[in-house]
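>
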Amino acid sequence: MQYSFNLANLLFASVLCFVFSVPLVAQSRVQADAYIKSYPKSDAVLHNATETYTWVIDKSNGNLFVDVTTDEQVVPLKINQTVKRTIFYNDQEEILDTQAQDLNIKKKARVVGICGNYEVNSIFYSDAKVCVYPLKNSAAGEVLLLSYKKRYKDVKYLTSVYFTDDVPTITKKIVFRVPNSVNVELKEFNFQGFNIQKKVTKDRDNNIYEYVVKDLPAAGSEASVKGNSHVYPHVLVLTKGYTSNNEKITLLNNTEDLYKWYSSLVQNVEGNTDALKPLVNQLIANKTSNEDKIKAIYYWVQDNIRYIAFEDGIAGFKPATAELVHKNKYGDCKGMANLVKNMLKIAGFDARLTWIGTNHIAYDYSYPSLAVDNHMICTLLLDGKQYFLDPTESYCSFNDYAERIQGRPVMIEDNNKFILSKVPVLPLERNTVSIEQNYELKGETLVGASKAIYAGEKKGMLLYFLNNTEKSSKNTLLESVAGKDKNMNIKKLDASNTTEREKPLTLNIEFELFNQVSTFDKEIYVDLDWYKDFADGEIEKARIFDYKLSSRILQKTVVSLKIPQNHTIKHLPEKVDIKTPNFTIKAGFEQKNGQVIYTKEITVPTGVVAKADFAAWNAAIIALKKLYDDRVILEKK
Amino acid sequence: MKKLNPLLVIILLMMSFSSVFAQKTEDEKKADLQISKEIWAWNDPAFTSVNVPDKWKEESAVILAKTVKYEYNEAKRGGNYIFFSSKGKIYERIAMRKRIKLLDKAAVSNYSEFSFYDDNNSGYWREKSVVQIGIRITKPDGKVKEVPLDDAVIMEVKTKYLKAEKKKIAIADLEVGDVIDYFYNVMNTVEAEGGITAHIFNPIYYVLQEEYPIVKQNLEIRVMNQCAVAFKSVNGAKDLKEAILDDEEAVYSLSDADREKMKESLWVYRYRVLPLVKFKAGYHRKDSERRELFASKAWGKKNKDARRQPGYDNDYIMDMMSKFENEPERDGMYYMLEPKKDTRKMSYIDIYEWLRHDSFMTGISYTQTNGQIIPAKETIEAILISGKEAKIGYSESEIISMLLKIVMTKNVPHDLLFIPRRNISSLEDIVLTDEVSYGIRIVDKGKETYLFPCSQNSNFNEIPEELQGVQAYAVRITDKHQDRKLEKITIPMMSHMDNNVSQNLTVTINDTKAQLSRQTTVKGLLRENYNGVAIMLYDYIDADKLKYKPAKPPKLNQQKVKQEREDQSRNRQEQLKKNIEGEIDGIKVVSLDKFQLEQLGIWNNAPELKFSETYTVEGLVKKVGGNYAIDAGKLIGGQVTLDKESINDRKTDIFFPYARSYSENITITIPEGYDVQGLDKFNMSIENETGGFVSSAKLEGNKVTISAYKYYKRNGEPLSNWSKVVAYAEAAYNFSQLKLLLKKK
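Residue numbers (the working numbering), protein chains in the order written: chain A, 1 to 637; chain B, 1001 to 1745.
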């Protein structure tokens, strides 16, 4: 019984396997050894590929679309695997045909893919879909072939073409065939440092742009990068207009055209705002200053509307009505911005919807493209000043801006016109994290108290977690922020401003530290740095892209240790004092009033360690680690 | 995102393979409405409550009421919830309703999105699942709002031939202080060509605790017609109440209140400590076939007793035992007999190792030719290189059947063993046939030999961890069945010395870098931990080929063999580096300089795994002033870290996997021009009845030798011994924090 059951299960699984995967016999082989050496972490490489974009005017209706044909040779680097190739599509992009080489019948065969909604954690629903085509190989080095055809039904959704793949690329040709009657501009980004050849030719009817790229790393192969558009080589595709039957048709020719389309989507999106009025009146009752009224509304939305992202076709660009967002108590960025705008308007303020690309995006509004922005906020115009309100930030105070929007260009609605502006860049001091600790030695235990202050980006993150974690776990979370582990016993913990967005979060603790002190003969070796920030901060030498830290950094630490009676200082670790235009790492010890004082300051004003700075940065981290490894040595008199 | 039930996940898995999508029919929509009406009308007053007991005011959420009803029945025309009528269909209905007061944002976010699969047809198994859900919100002012399910978005997965859908809904207007009340109703029906004669449903472990405290909960199991259920309440859960409604219907129920939320703790088997009701229902057209479900003589009776709690009595166990004797000629048997070995002359060791070889180093591959699926017996290497679909490893009962048949040829007294798996149940608490494993005991000239089902690298004389030291039943296999008797025995436990890792580590210091050279010898069950780290599959293949030279070696694509070998070798290098960085906290491997697998440890005459490795590492030696500090304590490997709460508040017995020990001998060469300080602290000794940690250090010439020995004497301890375990666990942790100073002369 048992056996036949297992057998049946297995047969079932095998049959499915035959249905779903395409067994491909090698058309030819390449030497996989060199690829395995160069890309030890990859299961496959894109050995050779050609991707051709052709603009076509549909003669029947004069519409413009773009067909993309792709021919890929994928080389697996392990035996008997199934290389999964993925093709994305959505309501505006359809997959027309897919074929894989099946040499059993010496003909191309249609591949059966598994397709469905593409689910990512941060997005509740989107029209993004994915087809997965499993290609089965036998040996490493076999060449698997996959061809497919895709169509962009509406050209404005073809915004950019990336040259990278999810496996390393050995050679890939990207061709754009643009008919003379179509006006397309290709803007190149991040080509520097990569092997990319460009050729422009013409035939009778077309301009042909051909790029050949060689030896590109896999997209996503390095973590902590600034955002795809900042790092990976790609072209931004601007289809500005075309001529059909002697009629000139303008698409997104300039920023005005972009605004015109955006603006058409935000007409009549307030809904019936009657239900909002009592709420707004209640929120601003007894508030006399404008600022207090604005805050009351802005903070209410932050506190009471859950962020749930919908990116469903046109709904990816059109806000839900303020009425609906208020009723649902959830919304995406557009819906939340729209609600804040309408509540502020009810309160008598001039508030506008505002398009913005977060700092993940490398472009500004000089490019008329849907790729320029990925977010929506609300701009308040008051006394000739602009204030930017981003209600998707759960703990952001009025006049404060999250790092992801600081310095970013914005497009503010202004009836038929628009206003271009920029979110201010706030001083680095906004992100101050400061820690002050005072220690005393009790035997081999360090007894002390500490005060930690978290502001800016870190505060925003901590407040979010503190208020979204179970009530009963809040204390545990605070203790872990304080650095609690087996060697730290927290005797007392006071946290203030754990829900207050306008003040920094402060954490006062009294604690004991174990195993930080070792006594050898007459000498006491003391480790005074509990946190050792950036001890693992060395950046791999072979890294290709700039390293993006979690945020812009300004950290200050001061630690004092009371020197026990009858003891003198025998040794203090060598100080580190490295200052470059892009970062500062300073740390050192001194004796002062019967105490050892340890101070440390780390600043990275841009929040990014540029590739050009890797060597200097690593040297600084190594020096810092040396200091961390070293100890204060006290000697008994 | 709130996931409704693990069952739904299973449904998705089924769907992703086999579902043929079908829209709901009008009848089905009517039935949905009926179900929804019925469930909302469940009349436990707790389902109207909005108040949280004071003691739980600081919780994230509190479950005010929860009711789960299971129902098993034949599907007949005109039944309440079934939309088809032919004989030979049965169903399992699971209806769950829960009412939760949300007390913070975390709880709101936990319940703010639901996903569900509301329809499924499985073509292959002819099983159908139908799911309905309903969600209501009670606002603090008492207003009740029904969540419209039409707002759900549909997520789909499809191929050219098949399609499956999942629905997702974001709950609107949900705030702290609200009460969310939701239900789901899952109907799994099973049908088969020509009707079903027997079907066993998946066993259920219904745990009375959850992530939130529960004010009131009810469980109900209803069996009707030819369906029956075996059940038991354990770990402090109340017994089920029985209500026999008539010959065709019985209800078993439990009402429970005031349950604290579940807490995680170290060294625990969930099913041995959490209050729970375990049960399994089945359908048997003939009463006499019910023995698979019931471990009791009651199985044969055609009356209402058949639904009662089973007893696992002698008769049943005897019946199970004879099953092994009477059905030995399974598919697997032919393979076993293929080499025509005369098992009478083979030692038990040889038999065990041969069987392990046959089970794990060969497999049955399946190839498809002209639509036919053709099985063939092949070596595991041939399967690996060809990439064919294959089945590897016999089932437990196949192995026991084979072993039994072999043992019977030897004419020695032997017992079949019936052993509860200790991670699931004790002998007294067994109720489900899934909870037991089998073994054989041979008593030859007063010497006992045990045989248990093997795994890929298990050795003769080793006892699977979940069977060690447990109370079990033994039945002497005699010719006359009426002479057979059930005997309670205790399965032996491997000693901590049988399961041992011994390491000799030599440390050579070169400024802040160090070279670590170590020889490792692993005995017993601990060898398993080195699979995929020090041992790769090809090591087993090579060893197996040496011992059991195949008569006709398969012709393999040598290029692929080379590629696979190189891949495994690269993988081993990666894993070894990761492994030592994980073992010795704070080090970073600069290079892996040497690795040698010296002995695989899978043969009885050489049962120890032995290997040696050399690394250059950073992070162990630190420059301190003009001296060096060495994190010498860390060289014994990471130790368990017990926080204050787990030390002070433990509430359950301790379940270790098995008794075991770790011996470390570390030699550090002191560089010229330095003295060593701090050795005295490395002398520790904490030993008690549960285990111990003993360490010492000495200086001889320019060499420091540190030895440490940690052992867990048994595979579990009663709660009363917790402080004794803590004593040596803490000592070992403190040891791991110690440093040596190399002081410049």
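We put the beta carbon where it would ideally sit given N, CA and C, even for glycine.
Starting from the beta carbon of asparagine 467 of chain A, find every residue of chain B whose beta carbon is closer than 9 Å, and list them in chain order.
Those within 9 Å of asparagine 467 of chain A in chain B are Asp1104, Lys1105, Ala1106.
> Leaving out the 5 sequence neighbours to the left and right, which residues in its chain are closer than 6 Å to leucine 463 of chain A when beta-carbon positions are compared?
For leucine 463 of chain A, where only same-chain residues beyond five positions count, the Cβ hits under 6 Å are Tyr395.
> Give the secondary structure of methionine 1096 of chain B by DSSP, where H, G and I count as helix, E and B as strand, and everything else as coil.
Correct three-state label for methionine 1096 of chain B: strand.
> Excluding five sequence neighbours on each side, which residues of the same chain lie with their C-beta closer than 7 Å to the C-beta of phenylalanine 646 of chain A?
One cannot answer for residue 646 of chain A here, as it falls past the ends of chain A, which runs 1 to 637.
> Is the shortest distance between the beta-carbon of isoleucine 1385 of chain B and the beta-carbons of chain A less than 9 Å?
Cβ-Cβ to chain A under 9 Å: yes for isoleucine 1385 of chain B.
> Determine the burial state of isoleucine 79 of chain A: buried for a count of at least 16 other Cβ atoms within 10 Å of its Cβ, exposed for fewer.
It counts as buried.
> When you check each C-beta in the stretch 1528-1562 of chain B against every C-beta of chain A, which residues fall closer than 8 Å?
Against chain A - using a Cβ distance shorter than 8 Å - the residues of the stretch 1528-1562 of chain B are Asn1557, Gln1559, Lys1560.
> Are the C-beta atoms of histidine 234 of chain A and some chain B residue less than 9 Å apart?
Judged by the 9 Å Cβ criterion, histidine 234 of chain A is not in contact with chain B.
> Please check if any C-beta of chain D sits within less than 9 Å of the C-beta of alanine 140 of chain A.
Looking for chain D here will not work: the only protein chains present are A and B.
> Please compile the residues from chain B whose C-beta is within a distance smaller than 7 Å of the C-beta of proline 76 of chain A.
Going along chain B, no residue has its Cβ under 7 Å from proline 76 of chain A, so there is no contact; the nearest lies around 10 Å.
> In chain A, which residues lie with their C-beta within 9 Å of the C-beta of valine 1157 of chain B?
The contacting residues are Ile114, Cys115, Gly116, Asn117.
> Along chain A, which residues have their Cβ under 8 Å away from the Cβ of aspartate 1631 of chain B?
What aspartate 1631 of chain B touches in chain A: nothing, since even the nearest Cβ is about 10 Å away.
> Could you check where the beta strand (DSSP E) with tryptophan 55 of chain A kicks off and where it finishes?
Run containing tryptophan 55 of chain A: 44-57, per the beta strand (DSSP E) assignment.
> Count the C-beta pairs between the stretch 303-316 of chain A and the stretch 324-334 of chain A that are closer than 8 Å, then say yes if the count reaches three, no if not.
The answer is yes - the stretch 324-334 of chain A touches the stretch 303-316 of chain A, with three or more Cβ pairs under 8 Å.
> Give a yes or no on whether the minimum CB-CB distance between leucine 1174 of chain B and chain A is below 9 Å.
Cβ-Cβ to chain A under 9 Å: yes for leucine 1174 of chain B.
> What are the start and end residues of the beta strand (DSSP E) that includes leucine 144 of chain A?
From DSSP, the beta strand (DSSP E) with leucine 144 of chain A extends over 144-152.
> Let me see if you follow: with CB-CB separation under 9 Å, is glycine 40 of chain A close to chain B or not?
Note that residue 40 of chain A is proline in the sequence shown, not glycine. Yes, proline 40 of chain A counts as interfacial toward chain B.
> What are the boundary residues of the alpha helix (DSSP H) that includes tyrosine 464 of chain A?
Looking at the DSSP string, the run of the alpha helix (DSSP H) that includes tyrosine 464 of chain A is 456-468.
> Starting from the Cα of phenylalanine 124 of chain A, find the closest Cα among A:Phe514, A:Gln437, A:Ala315, A:Met343 and give me that residue.
Ranking A:Phe514, A:Gln437, A:Ala315, A:Met343 by Cα distance to phenylalanine 124 of chain A puts A:Ala315 first.
> Could you give the distance in angstroms between the alpha-carbon of serine 1397 of chain B and the alpha-carbon of phenylalanine 1324 of chain B?
Cα-Cα distance, rounded: 8 Å.
> Shortest alpha-carbon distance to lysine 492 of chain A belongs to which of A:Thr476, A:Pro504, A:Gly116, A:Ala322?
Cα-wise, what sits closest to lysine 492 of chain A is A:Thr476.
> Have a look at leucine 1417 of chain B and histidine 1481 of chain B and give me their C-alpha separation to the nearest angstrom.
Taking the straight line from one Cα to the other gives about 16 Å.
> Evaluate contact between the stretch 1406-1425 of chain B and the stretch 1493-1508 of chain B, counting only Cβ atoms and requiring at least three cross-stretch pairs below 8 Å.
Judged by Cβ distances under 8 Å, the stretch 1406-1425 of chain B makes no contact with the stretch 1493-1508 of chain B, as fewer than three pairs qualify.
> What residue from A:Thr243, A:Asn508, A:Lys532, A:Ser550 has the CA that sits closest to proline 605 of chain A's CA?
If we check each option's Cα against that of proline 605 of chain A, A:Ser550 comes out closest.
> In the DSSP assignment, find the unbroken beta strand (DSSP E) run with tryptophan 355 of chain A in it and report its ends.
350-356 is the span of the beta strand (DSSP E), which, as asked, contains tryptophan 355 of chain A.
> Between the alpha carbons of glycine 1300 of chain B and aspartate 1027 of chain B, how many angstroms are there, rounded?
At glycine 1300 of chain B, the pLDDT of 39 sits below 50, so the modelled position is not reliable and the matter cannot be decided from this model.
> So with Cβ pairs under 9 Å, would you call arginine 306 of chain A a contact of chain B?
Chain B, which has a Cβ nearer than 9 Å to the Cβ of arginine 306 of chain A, makes this yes.
> How far does the beta strand (DSSP E) with arginine 1650 of chain B in it extend, from its first residue to its last?
From DSSP, arginine 1650 of chain B is part of no beta strand (DSSP E); its letter is neither H nor E.
> Which whole-angstrom value is the C-beta distance of aspartate 569 of chain A and valine 596 of chain A, which I expect to be below 8 Å?
According to the sequence shown, residue 569 of chain A is isoleucine rather than aspartate. With 8 Å as the limit, isoleucine 569 of chain A and valine 596 of chain A qualify as a contact, their Cβ atoms being about 7 Å apart.
> Which residues in the same chain have their Cβ closer than 6 Å to the Cβ of aspartate 613 of chain A, if we skip the five residues on either side of it in sequence?
For aspartate 613 of chain A, where only same-chain residues beyond five positions count, the Cβ hits under 6 Å are Asn582.
> Using a Cβ-Cβ cut-off of less than 7 Å, list which residues of the stretch 508-524 of chain A approach chain B; keep chain order.
Correct list: Asn515, Ser518, Phe520, Asp521.
> Could you please give the first and the last residue of the uninterrupted beta strand (DSSP E) stretch that includes glutamine 1740 of chain B?
The sequence given here has leucine at residue 1740 of chain B, not glutamine. Here the beta strand (DSSP E) through leucine 1740 of chain B covers 1740-1744.
> Please name the residue in B:Lys1160, B:Val1153, B:Asp1104 whose C-alpha comes closest to that of glycine 1177 of chain B.
Glycine 1177 of chain B has its Cα closest to that of B:Asp1104, out of B:Lys1160, B:Val1153, B:Asp1104.
> If you count every other CB in all the chains shown that lies within 10 Å of the CB of isoleucine 1154 of chain B, and 16 or more means buried, which is it?
Looking at its Cβ environment, which holds fewer than 16 other Cβ atoms inside 10 Å, isoleucine 1154 of chain B is exposed.
> How would you label proline 1492 of chain B, buried or exposed, when you count the other beta carbons within 10 angstroms and need 16 or more for buried?
Under this definition proline 1492 of chain B is an exposed residue.
> Chain A beta carbons: is any one of them nearer than 9 Å to that of serine 1591 of chain B?
Output row for serine 1591 of chain B: interface = no.
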